[in-house]
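Peer 1:
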Amino acid sequence: MNPSLTEMFRRLLKAVGQTRAAKSVEVFGWLIFVESVILMLAPHFAAELLHLPALVPQGANYLRLVALLVGGVGMLYIVSGRLNAEGFVFASLLDRPLVPPVVAVLWYLGIIPGPLALLFAVQDFGSFLWTLSAWRAESRQLESMPV
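First residue of the sequence shown? That's 536 in my numbering, and the numbers climb one at a time after it.
#1: How far does the alpha helix (DSSP H) with PRO593 in it extend, from its first residue to its last?
#2: Does MET536 come out as helix, strand or coil in the three-state DSSP assignment?
#3: Looking at C-beta atoms only, is the number of pairs between the region 658-666 and the region 584-604 that lie closer than 8 Å three or more?
#4: Using the three-state DSSP reduction, which class does THR541 fall into: helix, strand or coil?
#5: Under 7 Å Cβ to Cβ from LEU547, same chain only, skipping five residues before and after it: list those, please.
#6: Any contact of the region 563-571 with the region 595-610, i.e. 3+ C-beta pairs under 8 Å?
#7: Do you know how far the Cα of LEU654 is from the Cα of TRP688?
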């Protein structure tokens, strides 16, 4: 039986029993959520910071649209981490290592600039390594526990 919405919000506010791997997913979610807020509120500043070409009004609006999507993904990571969603944590271990090669191809094809590709690659792969090391440490702890 599914928990009530009240219980889910209670668990969201207080992450009882959150694993280190789930915490790493939550922190990654906060990181990309904050990035999305910056992109939404200050797209010209973000473009300048990333050494992107000057934005025309339509480009700034497209960047805001991307920020909306990134913010939604960030929210999924935050909530899944807070609720200790083991399946989501595992899925993130499959997804995040794919980002560096994909952005490398996008950079090579001239679709995205180098600083943006580097930011995505380092951020996603670094957080992947953090989650993987936490997952493996927790697995070793479980294996060493007496049955």
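Yeah, the Cβ is synthetic: ideal placement off N, Cα and C, and Gly gets one too.
Peer 2: A quick look at the data gives this:
#1: Looking at the sequence itself, residue 593 is Gln, so the reference to Pro does not match. Per DSSP, GLN593 belongs to the alpha helix (DSSP H) from 592-617.
#2: In the three-state scheme derived from DSSP, where H, G and I count as helix and E and B as strand, MET536 is classed as coil.
#3: no
#4: For THR541, the secondary structure class from DSSP, reduced to helix, strand or coil, is helix.
#5: Sequence-distant partners of LEU547 (beyond 5 residues in either direction) whose C-beta falls short of 7 Å from its own C-beta, in its chain, are VAL614, ARG617 and LEU618.
#6: Taking 8 Å as the limit for Cβ pairs, the verdict is that the region 595-610 does touch the region 563-571.
#7: No information on residue 688 is available, as it lies outside the stretch 536 to 682 that the chain covers here.
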